[in-house]
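In UniProt numbering, the protein residues as written are 1 to 159.
Okay, structure coming up:
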């Protein structure tokens with residue numbers, strides 16, 4: 001479980017993973033070595049998996065993003081998964097339950113690029129594609145405080 005200091009550190013890092021140890025320490029009222037030790041323990045426990053950077057796909061020329069639902073043909077699951085892993089335009093992919101086996105996010109520069117990528121798996125899987133118009137919620141971590149999360153859910157259910 002996380003204590004209040006851990007949650008506070010995580011909230012600060014979610015906003016800016018480049019926050020220095022000195023600034024983190026000042027914001028939570030600990031010494032830099034204490035903060036460093038807490039971060040090390042959070043990493044060891046698997047709470048923090050990585051310190052990362054967010055890149056704007058548009059700045060790299062990827063003007064379109066798509067969500068692709070992928071249903072491999074019988075006996076082609078592992079082949080399709082390997083193809084998805086090898087195509088760098090697939091930015092992320094989840095293996096899911098239900099009618100489809102994979103739901104993936106694809107970055108492309110044009111509809112022609114989208115067609116070319118999907119053609120590479122067309123003989124091994126059925127696909128259903130939706131072009132992303134906007135992303136009202138960017139990737140974010142789950143709520144750090146389970147109690148607060150349950151309380152927000154109760155408020156939403158009551159309204």
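Beta carbons: idealized from backbone N, C-alpha and C, even for Gly.
Inset, instruction - Quick one: give me the first and last residue of the alpha helix (DSSP H) that residue 14 is part of. - result: As a working note, residue 14 is residue 14 in the chain shown. Taken as a continuous stretch (DSSP letters only), the alpha helix (DSSP H) holding residue 14 covers 4-15.
Legend entry - N- and C-terminal bounds of the beta strand (DSSP E) containing residue 217: Residue 217 falls outside the range modelled here, since the chain spans only 1 to 159, and no answer is possible.
Inset, instruction - State yes or no: is the C-beta of residue 144 within less than 8 Å of the C-beta of residue 11? - result: Locating residue 144 in the chain shown gives position 144, where the first residue counts as 1. Locating residue 11 in the chain shown gives position 11, where the first residue counts as 1. Yes, these two residues count as a Cβ contact at 8 Å.
Inset, instruction - Pick out whichever of 134, 65 and 56 has its Cα sitting closest to the Cα of residue 104. - result: Reading the chain shown from its first residue, position 104 is the one you call residue 104. Considering only alpha carbons, the answer is 65.
Inset, instruction - Determine the extent of the alpha helix (DSSP H) in which residue 113 is found, giving its start and end residues. - result: The residue given as residue 113 occupies position 113 in the chain shown. Note, residue 113: alpha helix (DSSP H), 111-119.
Legend entry - Beta-carbon proximity of residue 127 to residue 118, cut-off 8 Å: In the chain shown, the residue the question calls residue 127 occupies position 127. In the chain shown, the residue the question calls residue 118 occupies position 118. Residue 118 is positioned such that its CB atom lies closer than 8 Å to that of residue 127.
Legend entry - Proximity below 8 Å, CB of residue 32 to CB of residue 39: As a position in the chain shown, residue 32 is number 32, starting the count at 1. As a position in the chain shown, residue 39 is number 39, starting the count at 1. With a cutoff of 8 Å on beta-carbon distance, residue 32 and residue 39 are scored as not near each other.
Legend entry - Where the beta strand (DSSP E) through residue 95 begins and ends: For the purposes of this step, residue 95 is taken as residue 95 along the chain shown, with counting starting at 1. Residue 95 -> beta strand (DSSP E) spans 90-95.
Inset, instruction - Return the chain-ordered list of same chain residues with a C-beta closer than 7 Å to the C-beta of residue 100, the five sequence neighbours on each side being excluded. - result: Reading the chain shown from its first residue, position 100 is the one you call residue 100. If we look at residue 100 and ignore the five residues flanking it on each side, its Cβ neighbours are 69, 70 and 71.
Legend entry - Span of the alpha helix (DSSP H), counted from its first residue to its last, around residue 85: Stepping through the chain shown from its first residue, residue 85 is reached at position 85. Start and end: 77-86.
Legend entry - Cβ neighbour criterion (16 or more within 10 Å) applied to residue 125: To locate residue 125, count along the chain shown from 1; it is residue 125. Answer is buried; the Cβ neighbour count reaches 16.
Inset, instruction - Note down, in chain order, each residue of its chain lying with its Cβ closer than 8 Å to the Cβ of residue 111, except the 5 sequence neighbours on either side. - result: Numbered from 1 along the chain shown, position 111 holds the residue referred to as residue 111. Hits under 8 Å: 64.
Inset, instruction - Quick one: residues in its chain with C-beta nearer than 8 Å to the C-beta of residue 79, no 5 flanking neighbours on either side, listed in chain order? - result: Here residue 79 refers to the residue found at position 79 when the chain shown is read from its first residue. The residues are 72 and 124.
Legend entry - Proximity of residue 28 and residue 8 at Cβ, strictly below 8 Å: Your numbering for residue 28 matches position 28 in the chain shown. Your numbering for residue 8 matches position 8 in the chain shown. Cβ distance < 8 Å, so residue 28 and residue 8 count as in contact.
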